[in-house]
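Asks:
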Amino acid sequence: MRYISTRGKAPALGFEDVVLTGLASDGGLYVPEDLPRLSHQELAEFAGLSYAEIAFRVMRPFVGGAIDDGTFKRLVEESYASFHHDAVVPLKQLDANHFLLELFHGPTLAFKDVALQLLGRLLDHFLAKRDERAVILGATSGDTGSAAIEGCRHCEHLDIFILHPYQRVSEVQRRQMTSVLADNVFNIAIEGNFDDAQAMVKASFADQAFLDGTRLVAVNSINWARIMAQTVYYVAAAVALGAPHREVSFTVPSANFGNLFAGYIAREMGLPIRQLVIATNANDILHRVISDNDFSRRELLATLAPSMDIVVSSNFERLLFFAYDRDTGAVDALLERFKHEPASLADAPLERLRALFSSYSVDDAEILETIRDAHARTGELLDPHTATGYRAAERCNRHPEVPMVTLATAHPAKFAEAVVKAGFTEVPLPEAMSDLLTREERYEVLPASLEAVQDYIARARR
Ligand SMILES: *Cc1c(COP(=O)(O)O)cnc(C)c1O
1 MRYISTRGKA PALGFEDVVL TGLASDGGLY VPEDLPRLSH QELAEFAGLS YAEIAFRVMR
61 PFVGGAIDDG TFKRLVEESY ASFHHDAVVP LKQLDANHFL LELFHGPTLA FKDVALQLLG
121 RLLDHFLAKR DERAVILGAT SGDTGSAAIE GCRHCEHLDI FILHPYQRVS EVQRRQMTSV
181 LADNVFNIAI EGNFDDAQAM VKASFADQAF LDGTRLVAVN SINWARIMAQ TVYYVAAAVA
241 LGAPHREVSF TVPSANFGNL FAGYIAREMG LPIRQLVIAT NANDILHRVI SDNDFSRREL
301 LATLAPSMDI VVSSNFERLL FFAYDRDTGA VDALLERFKH EPASLADAPL ERLRALFSSY
361 SVDDAEILET IRDAHARTGE LLDPHTATGY RAAERCNRHP EVPMVTLATA HPAKFAEAVV
421 KAGFTEVPLP EAMSDLLTRE ERYEVLPASL EAVQDYIARA RR
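Each residue of the sequence shown is one higher than the one before, counting from 1 in the UniProt record's numbering.
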């Protein structure tokens, strides 16, 4: 399997290099040159298989022989053994034809675990094979940092450094990172805000001299392996609801669009998906593109669904590549324009997207109303991100006869602030994490100085 850049000016790579590389050298994102197909017969054979077995069969063609089957199967099985539910991603029926796909049973209670549990193991496998070490560096204001730490804590060949703004992340989110006491895990609290931390990560990727040649790897959602791993739960959920004999629709709380793009890929591979609904919070660039063809930046808003607070949706570029029928020149030109000024899509690609996607934006007041409403009607307590999905699914469903699956991207205890604001008193942590608030923590507080941070990393790494 070969992977090419959405901008068309970077070399094609195999799976191993794509996993180790992240962003393409021309600024684009890697996508498979040809998508594997899931035949009617294959999908029918998935009925009754375990999640790990479906995962192995769906992802195997993307790996394309870069890892032998036995080893890949073991990595997949280990990744999903860390989930606290036998179904890994259980489906829950909410009403006659609306389902919730619970993606939050992993170690950090949010859907990012599904991809990062596997990505850590893939990186470690390839580094071991090459007899190399790598440093993972990222800045986080919430979910990605903890999921990446949990994904890498057992990796022999990786050291992971995660920067968070000192005293500016919630206690649950901080403790999910700082209570991992593995000796390859380093948490740095920066005396500054998230943008300061992010700027230091960017500067470190731009000039890696401080690492003396050790590879630096990013943990953001542009890594192809994350998309690949997320494609699996669309397949597993659709099969559980009757695919390939029956169509299914999905609604996805979206920000960088990695999650929903994985659903698009599943459909391109042959999964019978009827409709895909994009749910956003008040940071609504994706909704504005689909509804008004307004592809432009707006100021960042801090919302009750903070893991969806973005200005630019990085993985949307991958969707544009397919909407523009793989015309990399057109994609490159559009994204260059978008960098400097408001842009809009050409008619044909926009029509293509509108035939499949609908969108809806949910502001904070509507998030709170939805949490209350969903609880009254179904008994389910939704986290604020999932609430955007629940509301968008109701507002946008064009085919009520087709089962609608809303992806539940986080456990309500992880975002208790919003749930309490909605009027609920207590949101207990799940059992596996009930002692989180008393676990020992370890982190280093550093000034917002690039030199201090790089110096610490260079000395601390193994
Ligand atoms: C990251 C995240 C999202 C957004 O997912 P994208 O792949 O960036 O669209 C939604 N909900 C939660 C809880 C998240 O952590």
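Note that the Cβ used here is the ideal one computed from N, Cα and C, for glycine as well.
So does the region 347 to 361 actually touch the region 55 to 68, counting three or more Cβ pairs closer than 8 angstroms?
Replies: Cβ pair count under 8 angstroms is below three, so no.
Asks: Could you say if the region 117 to 125 and the region 76 to 89 meet the contact criterion of at least three C-beta pairs nearer than 8 angstroms?
Replies: They touch, by the three-pair rule.
Asks: For residue 113 and residue 327, I'd like the C-alpha separation in whole angstroms.
Replies: Their Cα atoms are separated by approximately 33 angstroms.
Asks: I'd like the ranges of any alpha helix (DSSP H) spanning at least 4 consecutive residues and lying wholly in the region 260 to 345.
Replies: List check, alpha helix (DSSP H) in window: 285 to 292, 316 to 323 and 328 to 340.
Asks: Rounding to the nearest angstrom, what Cα-Cα distance links residue 301 and residue 284 in this structure?
Replies: Each residue's alpha carbon lies about 10 angstroms from the other.
Asks: Where does the unbroken beta strand (DSSP E) through residue 138 begin, and where does it stop?
Replies: Unbroken beta strand (DSSP E) run through residue 138: 134 to 139.
Asks: Leaving out five residues on either side along the sequence, give the residues of the same chain with a beta carbon under 6 angstroms from the beta carbon of residue 203.
Replies: Counting only Cβ-Cβ distances below 6 angstroms, and skipping sequence neighbours, we find 450.
Asks: Measuring only from the beta carbon, is residue 308 closer than 8 angstroms to any heavy atom that is part of ligand 1?
Replies: Under cutoff, so the answer is yes.
Asks: Tell whether a beta-carbon distance below 9 angstroms holds between residue 271 and residue 243.
Replies: Against a cut-off of 9 angstroms, the Cβ pair of residue 243 and residue 271 comes out as a contact.
Asks: DSSP three-state call for residue 98: helix, strand or coil?
Replies: Reduced to three states, the DSSP call for residue 98 is strand.
Asks: Can you tell me which of the three DSSP states residue 402 falls into?
Replies: In this structure, residue 402 counts as coil in the three-state DSSP scheme.
Asks: Confirm, please, whether the CB-CB distance from residue 222 to residue 313 is below 9 angstroms.
Replies: Cβ atoms of residue 313 and residue 222: not closer than 9 angstroms.
Asks: Answer yes if the region 157 to 173 comes into contact with the region 392 to 407, meaning at least three C-beta pairs across the two stretches below 8 angstroms, and no otherwise.
Replies: Contact fails: fewer than three Cβ-Cβ distances are below 8 angstroms.
Asks: Quick check on the DSSP output: what are the complete alpha helix (DSSP H) runs of length 4 or more inside the region 120 to 169, in order along the chain?
Replies: Within the region 120 to 169, the complete alpha helix (DSSP H) runs of at least 4 residues are 143 to 152.
Asks: Considering just the uninterrupted stretch of the alpha helix (DSSP H) at residue 188, what are its terminal residues?
Replies: It is not in any alpha helix (DSSP H) - residue 188 instead sits in the beta strand (DSSP E) that spans 185 to 191.
Asks: In three-state terms, what does DSSP make of residue 548?
Replies: The requested residue 548 does not occur in the structure, where the chain is confined to residues 1 to 462.
Asks: Looking at residue 311: is its Cβ nearer than 9 angstroms to the Cβ of residue 279?
Replies: Result no, Cβ atoms of residue 311 and residue 279 do not sit closer than 9 angstroms.
Asks: Would you identify the three-state DSSP class for residue 250, choosing helix, strand or coil?
Replies: Strand.
Asks: Should the region 412 to 423 be regarded as contacting the region 362 to 370, the criterion being three or more beta carbon pairs within less than 8 angstroms?
Replies: Result yes; three or more Cβ-Cβ pairs closer than 8 angstroms.
Asks: Taking Cβ to Cβ, would you say residue 43 is nearer than 9 angstroms to residue 235?
Replies: In this structure, residue 235 lies closer than 9 angstroms to residue 43 by Cβ.
Asks: Give every residue of the same chain whose Cβ lies closer than 8 angstroms to the Cβ of residue 329, excluding the five residues on either side of it in the sequence, and list them in chain order.
Replies: Once the five neighbours on either side are set aside, the close Cβ partners of residue 329 are 8.
Asks: So, is residue 468 buried or exposed, given that buried needs 16 or more other C-beta atoms within 10 angstroms?
Replies: Outside the shown range of the chain (1 to 462) lies residue 468, about which nothing can therefore be said.
Asks: Would you kindly work out how many angstroms separate the C-alpha atoms of residue 177 and residue 67, rounded to a whole number?
Replies: Roughly 30 angstroms between the two C-alpha positions.
Asks: Could you give the first and the last residue of the continuous beta strand (DSSP E) run that contains residue 32?
Replies: Unbroken beta strand (DSSP E) run through residue 32: 30 to 32.
Asks: State whether the region 134 to 148 contacts the region 102 to 113, with contact taken as three or more CB pairs (one from each stretch) at a distance under 8 angstroms.
Replies: These segments touch.
Asks: When the distance is taken between beta carbons, is residue 394 closer than 9 angstroms to residue 98?
Replies: Yes.
Asks: Does the distance between the C-beta of residue 144 and the nearest non-hydrogen atom of ligand 1 fall short of 8 angstroms?
Replies: Result yes, Cβ under 8 angstroms from ligand 1.
Asks: Apart from the five residues on each side of it in sequence, which residues of its chain come closer than 6 angstroms, Cβ to Cβ, to residue 353?
Replies: 323, listed in sequence order.
Asks: Quick one: what does DSSP say residue 430 is sitting in, helix, strand or coil?
Replies: DSSP places residue 430 in coil when its eight states are reduced to three.
Asks: Could you tell me the boundaries of the beta strand (DSSP E) in which residue 361 lies?
Replies: Residue 361 -> beta strand (DSSP E) spans 357 to 361.
Asks: Determine whether the beta carbon atoms of residue 461 and residue 179 lie at a separation below 9 angstroms.
Replies: No.
Asks: Between the Cα of residue 362 and those of 384, 377 and 378, spot the shortest distance and give me the residue it belongs to.
Replies: For the residues 384, 377 and 378, the minimum Cα distance to residue 362 belongs to 384.
Asks: Identify every residue that forms a DSSP beta bridge with residue 92.
Replies: In the DSSP output, where bridge partners are listed per residue, residue 92 has 100.
Asks: With which residues is residue 384 paired in a DSSP beta bridge?
Replies: Its beta-bridge partners do not exist; DSSP assigns none.
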